[in-house]
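Working notes for the structure below.
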Amino acid sequence: MATHFTSLGAQAPAAALGKRSLATLVRLLGWWRAPFWALALFTGAKSFVDNPIIGSRRLNRAGLHVWRLRTAHALTRYRRARLSSRVPKHLREQFDRDGFVVVRDVLPADAFRRVQRAILGTELECRAHQQGDTITRRVPMGPGMAMLCPELDRLLRTPWWRGLMAYVASACTAPLYYIQTIAGGVAEGPPDPQLQLHSDTFHPSLKAWLFLTDVEEDGRPLTYVAGSHRLSPERIAWEQRTSIEVVESGDRLSQRGSLRIRPDELGALGLPEPTRFCVPANTLVIADTSGFHARAGSHRQTIRVELWAYCRRNPFLPWTSAGIFSLQRFAERRAELLLVLLDWLDRSGLRKQHWTRAGRRRPIDL
Ligand SMILES: [Fe+2]
């Protein structure tokens, strides 16, 4: 019996030792990725939990996150200065001050009505993604959409539109364009995470909305904290603090690099209450989404349709040219090609595709 007890007693520490060794081995094997983690510091990589260098408390206490932030913003200022002549002075000043620009009556009224009719009333093959109680649907803009509404296609090629997009994106890369429907309060789920004020990423980047439907006060309008795109000393201190704490105490999306901020923290950063974009259809809002923004809540079901634009590239590139992305035949198919690529990555098990097929729907349908 004694031997039996001795044998059992020896097995438990041996098993624990085995587990520990296995964990150590897995950890060591994981470090083969270290060179890639280090290289990612010079890209737009932002997740504090997927890259132990970006998420390192010690390195962020020493200023790693703030260095990436300052460098990316300095390079953005440099690139924007080179693109400034493409934007009318009043729009440039509005953007530099607030971090967003609002342009009303973008298309002549009759042209806008034709675009609105063509897009809202046509069944289009779309993708959908649910966040909380809100379902977002997207249709990538490609040659087919350009044929459906030539006026919209022509607008995207006008010098003033391209100049404004380039200035905010700080690069000549054409944004990706989608027809986007946001159907709010239509699904069962936890609160929509887009309702929390956040910065999309640590470096300046572009998002734009050309609203195809009116956005009412209780229609879940976009909100943006004016001036929050600038790196004030208070903002830098907040970023430094957050980068140190986020891995242990942040929410999931902050940990992945879209830092959330509570409304009651804005005052200490010298920032105002968010501006709400309750605007009529045919209004363009273009913003630097490194500034704090969110979707406002509502107690009712809402639907909003817009042409949505997105441009985010490596913030550490000093040049503004788009390279291969400027080739017209490639540029106009980018959003569709990206979808094909993401589907392939999903099938290969390399990356999850969150945008599921939602069939043919009219963008205006709930
Ligand atoms: Fe966002």
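Just add 88 to wherever you are in the sequence shown, counting from 1, and you've got our numbering.
Glycine included, every Cβ here is placed at the ideal spot set by N, Cα and C.
Item	Value
Could you pull the DSSP bridge partners for residue 391 from this structure?	271
Return yes when at least one heavy atom of ligand 1 lies under 6 Å from the C-beta of residue 288, else no.	yes
Which of the three DSSP states, helix, strand or coil, is assigned to residue 96?	Any answer about residue 96 is weak, because its pLDDT of 39 lies below 50 and its placement is not dependable; what the coordinates show is given next. Correct three-state label for residue 96: helix.
Could you give the distance in angstroms between the alpha-carbon of residue 341 and the alpha-carbon of residue 286?	9 Å
Mind reading off the beta-carbon distance from residue 295 to residue 166? Whole number of angstroms is fine, and I expect it under 8 Å.	That belief does not hold up - the Cβ atoms of residue 295 and residue 166 are roughly 22 Å apart, past 8 Å.
Do you know offhand how far residue 91's Cα is from residue 344's?	Because residue 91 carries a pLDDT of 36, less than 50, the predicted location of this residue cannot be relied on, and no value is offered for it.
Along the chain, where does the alpha helix (DSSP H) that runs through residue 161 open and close?	152-171
Determine, using beta carbons only, whether residue 320 comes closer than 7 Å to chain B.	Reference to chain B is not applicable here, since this structure consists of a single protein chain.
Determine, using beta carbons only, whether residue 338 and residue 278 come nearer to each other than 7 Å.	no
Put residue 403 into one of helix, strand or coil per three-state DSSP.	coil
DSSP state of residue 325, grouped into three classes?	helix
Over what stretch of residues does the alpha helix (DSSP H) that includes residue 297 continue unbroken?	No alpha helix (DSSP H) holds residue 297; the beta strand (DSSP E) holding it covers 294-299.
Whole alpha helix (DSSP H) runs in the region 187-238 with 4 or more residues, listed along the chain?	197-208, 231-236
Report buried or exposed for residue 355, applying the criterion of at least 16 other Cβ atoms within 10 angstroms of its Cβ.	exposed
Below 8 Å CB to CB, which residues in the same chain sit around residue 388 once its five sequence neighbours on both sides are set aside?	273, 306
Under 7 Å between the Cβ atoms of residue 251 and residue 317?	no
Can you name, in chain order, every residue of its own chain whose Cβ lies under 7 Å from the Cβ of residue 304, other than the five neighbours on each side?	366
Does the Cβ of residue 440 have 16 or more other Cβ atoms within 10 Å, making it buried, or fewer, making it exposed?	exposed
Would you report the Cα separation of residue 262 and residue 227, rounded to the nearest angstrom?	17 Å
Are the beta-carbon atoms belonging to residue 270 and residue 210 less than 7 Å from one another?	no
For residue 127, count neighbouring C-beta atoms within 10 Å of its own C-beta (all shown protein chains included) and say buried if the count is 16 or more, exposed if not.	exposed
Taking DSSP as the reference, what is the three-state secondary structure of residue 381?	strand
According to DSSP, is residue 433 part of a helix, a strand, or is it coil?	helix
Only counting the same chain, and skipping five residues up and downstream in sequence, which positions put a Cβ closer than 8 Å to that of residue 197?	370
Are the Cβ atoms of residue 330 and residue 362 separated by less than 7 Å?	no
Judging by CA-CA distance, which residue of 291, 436, 405, 438 is the nearest neighbour of residue 327?	291
What's the gap between the Cα of residue 255 and the Cα of residue 267?	22 Å
Expressed to the nearest angstrom, what Euclidean distance is found between the alpha-carbon atoms of residue 155 and residue 239?	44 Å
Counting C-beta neighbours from all protein chains within 10 Å, is the total for residue 177 16 or more, i.e. buried, or is it exposed?	exposed
Pull up the distance between the alpha-carbon of residue 233 and that of residue 139, whole angstroms please.	38 Å
Taking a contact to mean a Cβ-Cβ separation below 7 Å, would you say residue 383 touches residue 282 in this structure?	yes
Tell me whether residue 373 sits in a helix, a strand or coil according to DSSP, three-state version.	strand
Nearest-angstrom Cα distance between residue 360 and residue 315?	8 Å
Do residue 323 and residue 258 have their C-beta atoms closer together than 7 Å?	no
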